[in-house]
Structure formats: structure tokens, C-alpha cells
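Structure first, then comments.
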Amino acid sequence: MIVLGIETSCDETGAAVVTSDGSVKSDVVQSQVKLHAPYGGVVPELASRDHLRNVRPVLAQALEQAGVTAAELDGIAVTCRPGLTGALLVGVQAARGLAWSLKKPLVGVDHLVGHLLSVFLRFPTAASFEPPAYPFVALLASGGHTALYRVDGPSTAQIHELGATRDDAAGEAFDKVAKLLGLGYPGGPVIDKLAKEGNPEGVDLIWPMRRRGSLEFSFSGLKTDVMRWVEKNGRPGNDQLLRDLCAAFQRRVVDTLVDKAVFAATQHGVRELVLAGGVAANRELRERSAMRASENGIRVVVPPFRACTDNAAMIAYAGLQRLEAGENDELVLETSPESSLPRLTRKGRGQRVARV
Ligand code: KG4
Ligand code: ZN
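Throughout, the working numbering is defined as the position within the sequence shown, counted from one, plus 890.
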């Protein structure tokens, strides 16, 4: 099968062509980072308008780069949830129009499922690696979501949340801390770079719910602790103190993610741990998870950088699994701000019962 994927859930307009074995024939991503940068976060209305401007040229480019015509496609997959409603609608309407005019099947894809299956993509330019076997545990850490899943297969019914963040996502914490330190948006890559030359012990910050035994996360307290530190000591200039602060913050996020992910894999008796989502691009997360996992006889599998951040290739691949099973959402495709994956962790404050 050869499938066209469309992604417009947040601040990237993406279109990609992928075949059944996960080979990426084209992967076009038009980022809106510059558009939203002055605001320190994504502005929904600006996002939808930019998707509207870009969706057609991005689609055309994806087909051209793949060297296929629209008529040669076997189906179309589009992100329909979770995401910004206006932004999602642009992709869904484009996909609907295309599917209708070409008389091709159309499936909606949950963006989170796309991230969780991104490890099966094969990019012609990336080093090849052995994909994981089901079941595996996956840590999905992005700007909007942070959760651990047990993945028994590619369909939504086979993916189970083991625990998630009660408040901020890990990427959101990177973005908010970067904003606080005047480092711009998105925060992950710049903090990652500065932290490389910093001392993680140089600044004393709290550990974000690192307790073993719980697979839930909470990053808003750590962000507030950085805020308190800045209130007390002032915003550091572009100096060693800034690098130390970034290193201390990043170490706390990374080690908490790694501890819980390795614990979840051990608890479920699985030998493979997959990292996915934008935060999986983090250098220290990749290094420390590989180290800690191997001590426990677990292999960490991380998709190439390009597959970690938002892209349409992962949507095409996840949609392919449904199209191959003969599914078609043509008449029932709707958008939703929520994921279709059942949630275990409740957001917000208060007493919890879910404990492992
Ligand atoms: O998956 P993604 O592209 O979009 C969402 O679905 O949210 O993730 C974007 C997030 C942003 O919060 C960004 O700061 C973070 O991923 N990110 C990183 C790194 N690169 C991107 N976080 C930490 N270290 C990085 N190197
Ligand atoms: Zn994402």
C-alpha cells in the first residue's frame, strides 16, 4: 500500500507518503515556529490560518517528492485528534476533499498513536536499526503530552496508558522555563544545548515526583521552583550560571522520565523501551535512558530526530495499519481536542488512588 498522511494538529503543516513497510517516500514539514515565537507559545487562530495557507502546497510537494500521482495512492490518513480544533479542521477538510475527489479510502489518526508508531518508520537517509517487537513500553514526551504506554499492537485498543502527567507535559516545562529565562520558543532545543556545558549539581532544584512506585509525572512544581530561583537570584545572563540552571532543570526532568520508563518496562516484563515525541530528541534523555535501561537488560529504541517531532509520516504509517485492515472513516470522520486513548491519570490536584 502507498498512503498519503496529513498532519495539522498544532504548529506544523505536514504531508508525507509512506509505504506498507514503513519506508518514507517523502516527508514535508512546514514549521510555524517563527510565526509563534514572539508569543512564547502557539496562538491557535494564527496556527489555523497558516495551515490554510500552506496545506495545498505542502500536499503537492509531498506527492512530487515521492514521485507518485494522487491517483496512485491507496488511501489517505489524517490527524483528527487530539489538537487545536481549528488547526485539525484544516487538515481534515483537505483530506476529505481529496479522498472524495479521488474516490479513495480515508482514515482519521490519533496523533498520539502516530507518535507511538513513529519508531517503525524507515527514512532513506537515517541509519537503519532493528524496530521493536510487540509488546513494548513507550515513553511519549512532547509539548502537549507526557505518558507511559504499554503497546501490544498498532490499534488503539491495543495501547494502554500506564501513567501520565498530572499537570504540565515535559516539553511544556521546557518551553515555560525557556520563556522564563528569555530563551525563546520552543525551549527544548535551546535548553538542551545550554545544559550540555552546565553542571547539573550547580543549582539546587526540587525533584519532580521522582518516587518509585508511581508511574505518574508532575512537572509544574519544578517549573515553579525555577521561577522562585529566578525571583530570588535574578535572571542569569548568558553565562555559566545560566548553563548550570539549564543543566539542573534538564537533569531533573530527564532522570524522572528515565526512572519511571525503566520501572514500567521492568514491571511489565518487556525488554524494549521506545522513546517518542519531541522531547525524545533530547540528547541527555537518549544517553541516560540507554545507559540505565541496559543496566536492567532493556533495549532503548529511539526513532531518528526527524520522526520524534511532529510529522505526517507517522500519521501515514498509523493510518496504513487501519487501511490495511479495510477500515474507512469517510462518513464518520470527526475532530476532537482529546485523544482516543483511555486515560488512567487524572489531571489536577488532589488525592490519587491509582498506584502501582
Ligand atoms: O512532538 P512535538 O513536536 O509536538 C507536540 O506534539 O507537542 O514536541 C514539541 C516539544 C516542544 O515542547 C519542544 O520544546 C520539545 O518537544 N523538544 C525538546 C527538544 N526538542 C524539542 N525538548 C527537550 N529537548 C529537545 N532537544
Ligand atoms: Zn506531537
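Here a beta-carbon is modelled for each residue, glycine too, at the ideal position from N, C-alpha and C.
Reduced DSSP secondary structure (H/G/I, E/B, other) of residue i
i: Asp1000; result: strand
i: Glu1087; result: coil
i: Ile896; result: strand
i: Tyr929; result: helix
i: Arg1125; result: coil
i: Ile1081; result: helix
i: Ala1017; result: coil
i: Leu1234; result: coil
i: Tyr1024; result: coil
i: Gly1168; result: helix
i: Ala1059; result: coil
i: Ala1202; result: coil
i: Val908; result: strand
i: Ala1215; result: coil
i: Lys1069; result: helix
i: Leu992; result: helix
For residue j and residue i, the rounded distance between their alpha carbons
i: Ala1059; j: Val1222; result: 30 Å
i: Ile1096; j: Ala1138; result: 10 Å
i: Leu936; j: Gly1103; result: 42 Å
i: Arg1245; j: Thr959; result: At Arg1245, the pLDDT of 44 sits below 50, so the modelled position is not reliable; the number obtained from the coordinates is stated separately. Between Arg1245 and Thr959, the C-alpha separation is close to 52 Å.
i: Asn1201; j: Val918; result: 8 Å
i: Ser899; j: Leu974; result: 6 Å
i: Val999; j: Gly965; result: 13 Å
i: Lys1069; j: Ala1063; result: 10 Å
i: Thr1055; j: Asn1172; result: 18 Å
i: Gly1077; j: His1158; result: 33 Å
i: Gly1216; j: Val997; result: 10 Å
i: Thr1015; j: Trp1119; result: 43 Å
i: His926; j: Lys1066; result: 14 Å
i: Ala1023; j: Pro995; result: 28 Å
i: Ser1179; j: Ser991; result: 47 Å
i: Leu1231; j: Val923; result: 28 Å
i: Pro1013; j: Asp1145; result: Note that residue 1013 is Phe in the sequence shown here, rather than Pro. The alpha-carbon atoms of Phe1013 and Asp1145 are separated by roughly 29 Å.
i: Ala989; j: Gly976; result: 20 Å
Within 8 Å, strictly: CB atoms of residue i and residue j
i: Gln1140; j: Ile1081; result: yes
i: Gly981; j: Val1027; result: no
i: Ala905; j: Val948; result: yes
i: Pro1227; j: Pro934; result: no
i: Leu1084; j: Leu1147; result: no
i: Val1160; j: Pro1021; result: no
i: Ala985; j: Val1009; result: no
i: Glu902; j: Ser921; result: yes
i: Thr1225; j: Asn1186; result: no
i: Ala1134; j: Gly1072; result: A quick correction: the sequence has Asp, not Ala, at residue 1134. No, these two residues do not count as a Cβ contact at 8 Å.
i: Leu1105; j: Leu1175; result: no
i: Ala950; j: Leu894; result: no
i: Val907; j: Ala961; result: no
i: Ala1151; j: Leu1038; result: yes
i: Ala1170; j: Cys1198; result: yes
i: Gly970; j: Leu963; result: Sequence check: residue 970 is Cys here, not Gly. No. Outside cutoff.
Residue i - partner residues in DSSP beta bridges
i: Gln920; result: Thr903
i: Ile1252; result: As shown, the chain starts at 891 and ends at 1246. That puts residue 1252 outside it, with no answer to give.
i: Ser913; result: Arg1012
i: Phe1064; result: DSSP lists no partner for Phe1064.
i: Ala1054; result: Ala1037
i: Val968; result: Ile896 and Gly998
i: Val1190; result: Leu1163
i: Phe1107; result: Thr1055
i: Leu1030; result: Ala1037 and Ala1166
### Query
On the three-pair Cβ rule with 8 Å, is the region 1028-1047 touching the region 990-1005?
yes
### Task
Count the CB pairs spanning the region 1185-1205 and the region 1219-1237 that are closer than 8 Å, and state whether there are at least three.
no
### Task
Assess, as a yes-or-no matter, whether the region 1201-1217 is touched by the region 1027-1039 under the definition of 3 or more beta carbon pairs within less than 8 Å.
no
### Message
Under 8 Å: do the region 1107-1126 and the region 1153-1168 share three or more Cβ pairs, one atom per stretch?
### Response
no
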